[in-house]
Amino acid sequence: MSWLAGTWVRTLCATAILGAALAGPVVPASARPVLTVAPPTVDPGALGSAQALSGNPAPLEPTEQQTVCAEPTFTGGQLREAPLAQRVLNLPAAWQFSRGAGQKVAVIDTGVNPHPRLPALQPGGDFVSDSDGTVDCDSHGTLVAGIIAAQPSPDDAFAGVAPDAEILTIRQLSLAYKTKESRRGEEPGAIDTSGYGNVLTLAAAVVRAVDMGSTVINISEVACTTAGSTMVDGALGAAVQYAYERNVVVVAAAGNLSEGSACGTQNTGTGWGKVQTVASPAWFSPYVLSVASVESDGSPSNITLYGPWIGVAAIGRQIVSLDSKPGGTGLVNAVPTQQGMSTIDGTSFAAPYVAGLAALIRARFPELTAQQVMDRITHTAHGPGPGRDDRIGHGLIDPVAALTDQLPDQPVSSGADVPRAFPEPIRPPGPERLPRLVATIGSIACLTTLAIGFAISIPYRRKRDSDLLPDLDS
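Counting with mature numbering (1 follows the signal peptide of the UniProt record, and there is no 0), you get residues -31 to -1, 1 to 443 for the letters of the sequence shown.
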């Protein structure tokens, strides 16, 4: 079946790669010039194009399904133990404090198929075809939604991070669809080799999710380009800023290292000056919380794309989630490939663990801003060393700590660069004035009396002394 092609597998098991939309043909790393990358600036004026599309979701041109839909499967018998990626988060302990009630998490992805364990599923529209967003031919979006909000079942040990949260599904990408009349390179930002979807409709989907009341947005899509290349993600940057300024937490996959794609060169240095591959929207920090994938021991997965924009990490290996087939009621944990069955892996599936945690925090602390929610997640994460690094950010998330730790409302360093007058030193109080004055006057009077008495006694002392001496002149 054509959906088993390597491109589909890389997308499902990694992230939805939109690199062709930004950078054109992939250039070998050895042939690329060394260019310095600075943090992106956002042009609020670029938001208009996304807003114009957000109110009426539809493909920008006629599309059609050209491949059969994906059919992941479940291997290994009944799931009696929680998956590792779920188990390390200690969700039962976290649920004592929050289950995400009252939160709406937007899944901007390949759509979400209805599933009995996603009872609160709201359609948000379709930028790929003519559905309402509750159709998923690629399986990707349904897997993401299950990780975020699947309700527990007595039949297995799987559950979403925030089982009481609502899912808003917006279909923005599908590798099973293409335009009816493919015209390579005719539209900036278009993908024409591996499906349908572009950065402009992704920006429009973000705006739509905000306007429909989302408190958290999950984006498991990444657009990669070579450092220094002309970017066409201005509307996307403006859209995530739009969300941030309206108090919506945006969580994005960091992207996967994928040979032969625009995400094919690893960022091996540290800091913005060493960036070789840019990942969008992940690089729009601080408006986005970017998520890397780690192994069970907390070390970086060899598939995760590094960068100075990485915020935190979650396990993105051997993923289990909801069956995405129409009418499906069970779970899936594998995809068939030409080499046999393969596990489901990637930062696409690490990100929803963080989005689910954001929903838990928002439900427990509704007064927190989007930035404060992200701070709780990053400040309570666990890394192998002090501080953060460009591979896994601040480290593996810790839901229980994020829900219970006492953190300051503002960072400890907040305001450290604001000049302030140095306060006058505090002088310790001395003894009371009246007793000290009486003692001083008394001492002076006493000394004066002694001096007068001594002066009066001198002549008498001399007379007595002379009577006692012998008369040596006689």
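Beta carbons are placed, not taken as given, at the ideal position from N, Cα and C, and that holds for glycine.
Threonine 298 has its alpha-carbon roughly 29 angstroms from the corresponding atom of glycine 224. A check of alpha carbon separations from proline 321 across Ser98, Arg140 and Ala131 identifies Ala131 as the nearest.
The beta carbon of alanine 119 lies closer than 8 angstroms to those of His84, Arg86, Leu87, Phe127, Ala128, Gly129, Pro132, Ser290 and Leu291 in the same chain, with the five residues before and after it left out. Shown here, lysine 294 sits in coil according to DSSP, grouped into three states, outside any helix or strand. In the three-state DSSP reduction, histidine 348 falls in the helix class (H, G or I).
Take the alpha-carbon of alanine 212 and the one of glycine 197: they are about 26 angstroms apart. Remark: fewer than three beta-carbon pairs, one from each stretch, lie closer than 8 angstroms, so the region 173 to 192 and the region 33 to 43 are not flagged as touching. In the three-state reduction of the DSSP assignment, isoleucine 188 falls in the strand class. About 16 angstroms separates the CB atoms of glycine 238 and glycine 362; that is not less than 8 angstroms, and the two are not in contact. The Cβ-Cβ distance between valine 218 and valine 260 does not fall below 8 angstroms. From the listed residues Leu90, Thr103, Val176 and Asp101, the smallest Cα separation to leucine 22 is found for Val176. In this structure, valine 244 and glycine 276 form a Cβ contact; the two beta carbons are roughly 6 angstroms apart against a cut-off of 8 angstroms. DSSP lists Ile77 as the bridge partner or partners of isoleucine 139. In this structure arginine 215 is exposed. Its beta-carbon is surrounded by fewer than 16 other beta-carbon atoms within 10 angstroms. Rounded to whole angstroms, the separation of the alpha carbons of alanine 371 and glycine 352 is 15 angstroms. In the three-state reduction of the DSSP assignment, glutamine 34 falls in the strand class. 8 angstroms or more divides the Cβ of tryptophan 278 from the Cβ of valine 6. Boundaries of the beta strand (DSSP E) harbouring isoleucine 284: 279 to 284, taken from the DSSP string. The alpha carbon of glycine 164 has as its nearest neighbour, out of Ala173, Arg140, Phe43 and Thr184, the alpha carbon of Arg140.
Counting along the chain, proline 61 sits inside the alpha helix (DSSP H) bounded by residues 60 to 63. Taken atom to atom, the span from the alpha-carbon of leucine 171 to that of valine 74 is near 16 angstroms. Pairing aspartate 99 with glycine 45, the inter-Cα distance amounts to about 37 angstroms.
Lysine 147 sits in a strand when the DSSP states are folded into three classes.
For a cut-off of 8 angstroms, the C-beta gap from leucine 226 to isoleucine 272 is around 6 angstroms, short enough to register as a contact.
Per DSSP, aspartate 105 lies in no beta strand (DSSP E) and is assigned neither H nor E. Distance from alanine 319 to serine 254 at the Cβ level is roughly 17 angstroms; contact not present, criterion being Cβ atoms closer than 8 angstroms.
Glutamine 210: member of the alpha helix (DSSP H) spanning 203 to 214, first to last residue.
Annotation for arginine 360: Pro269 and Tyr275 place their beta carbon closer than 6 angstroms to its own, counting only its chain and skipping 5 residues before and after. Residue range 316 to 333 is occupied by the alpha helix (DSSP H) that includes glycine 325.
Membership of serine 23 in the alpha helix (DSSP H) is indicated by the continuous run 16 to 23. Alanine 251 places its beta carbon 8 angstroms or farther from that of alanine 15.
Contact annotation, arginine 331 with threonine 184: C-beta distance approximately 5 angstroms; criterion of less than 8 angstroms satisfied.
Assigned with DSSP and collapsed to three states, threonine 306 falls in strand. When secondary structure is reduced to three states using DSSP, leucine 112 falls in the helix class.
In the three-state DSSP reduction, proline 26 falls in the coil class, being neither helix nor strand.
Judged by DSSP secondary structure, valine 179 falls within the alpha helix (DSSP H) whose first and last residues are 168 to 180.
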